[in-house]
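Asker: Once you've had a glance at the structure underneath, I'll fire off some questions.
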Amino acid sequence: MKNWVLVLVLALILAAPIWVQASMTATGTGSIQQRQLRQEWQQKREESRAEFRLKLTEIKDERRKNILARLNERVCEINKNRMENMDRHLDKMDSILDRVVTRTSIAKSEGLDTGSAEQAAKNARDKVTEARTAVDVQAEKPCDLMISGSEKNLGGEVSGLIRRFRQDVAGVQDKVVSARKAVSFAIQSLARIVGEKIAPSKTPTPNP
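FYI, the numbering for the sequence shown is -22 to -1, 1 to 186, going by mature numbering (1 follows the signal peptide of the UniProt record, and there is no 0).
Below is the structure:
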């Protein structure tokens, strides 16, 4: 019973928001590779879901079975919502960088030395692209709880799976925060050159 209390507590913790303090356009070969990757992840998700349902049938206790089914659905829902939220913030960062690049080009045409701003914008774009790739990968990964079907080990298995899921999401979040900081630095680099405010240095923190 204690194991199942732990599972429920972890489920509630998992439901708490992970805050993000804060587009990659694929073409040609990159677009083909992206489609292939998504197809592979789709197949893995289907296999994972089938495996979870099969293991679920091996659990005799209907109450435990229902808890697991709801928890599994909740994990997938949280993963989807959080990745979509991070993706929206990355879109905002890309939009801000577009403005930075445009204003840098104008400053360069006016004879200003924009080398530092150009490099900062490039670094920021790379960080945003890296973060978006991490978001895309996490969004496409199978989210089902991979259980053995042994009722004796369920508590430990589920708590371990949830812990790893939270670590995965936190790892993606770190990349988004790193991208936000790089965008802020790009804004500051340009502002030092042109002496004006280009855009907010921080993206707003999303609501849960």
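Even glycine gets a Cβ: it sits at the ideal position worked out from N, Cα and C.
In this structure, how does DSSP classify Met61 when only helix, strand and coil are distinguished?
Answerer: helix
Asker: Should Leu75 be labelled buried (16 or more other beta-carbon atoms within 10 Å of its own) or exposed?
Answerer: buried
Asker: Tell me the DSSP secondary structure of Thr92 in three-state form.
Answerer: Coil, per DSSP.
Asker: With DSSP run on the structure shown, which of helix, strand or coil describes Cys54?
Answerer: helix
Asker: Alpha helix (DSSP H) containing Asp152: first to last residue?
Answerer: Leu132 to Val172
Asker: Going by the CB atoms, is the gap between Val154 and Ala98 shorter than 8 Å?
Answerer: No, Cβ-Cβ distance for Ala98 and Val154 is not below 8 Å.
Asker: Check this for me: beta carbons of Ala102 and Ala169, under 8 Å apart or not?
Answerer: no
Asker: Kindly indicate which residue of Cys121, Arg31 and Lys105 has the alpha-carbon position closest to the one of Met71.
Answerer: Lys105
Asker: Would you report the Cα separation of Asp39 and Ser156, rounded to the nearest angstrom?
Answerer: 45 Å
Asker: When you compare each of Asp122, Gly89 and Arg60 to Glu51 by their alpha carbons, which one comes out closest?
Answerer: Asp122
Asker: Glu18 by DSSP, collapsed to three states: which one?
Answerer: Collapsing the DSSP output to three states places Glu18 in a helix.
Asker: For Pro120, which option in Cys54, Ile37 and Arg31 has the closest C-alpha, if you only look at C-alpha atoms?
Answerer: Cys54
Asker: How about Met64 and Val136: are their beta carbons less than 8 Å apart?
Answerer: Taking 8 Å as the cut-off, the Cβ atoms of Met64 and Val136 do not count as close.
Asker: How many Å lie between residue 188 and Gln116 at the Cα?
Answerer: Residue numbering for the chain in the displayed model covers -22 to 186; residue 188 lies beyond these limits and cannot be assessed.
Asker: Using the C-alpha atoms, what's the distance from Gly134 back to Val147?
Answerer: 20 Å
Asker: Within 10 angstroms of its Cβ, does Met124 collect 16 or more other Cβ (buried), or is it exposed?
Answerer: exposed
Asker: Which word fits Glu88, buried or exposed, when buried means at least 16 other C-beta atoms lie within 10 angstroms of its C-beta?
Answerer: By the 10 Å Cβ count, Glu88 comes out exposed.
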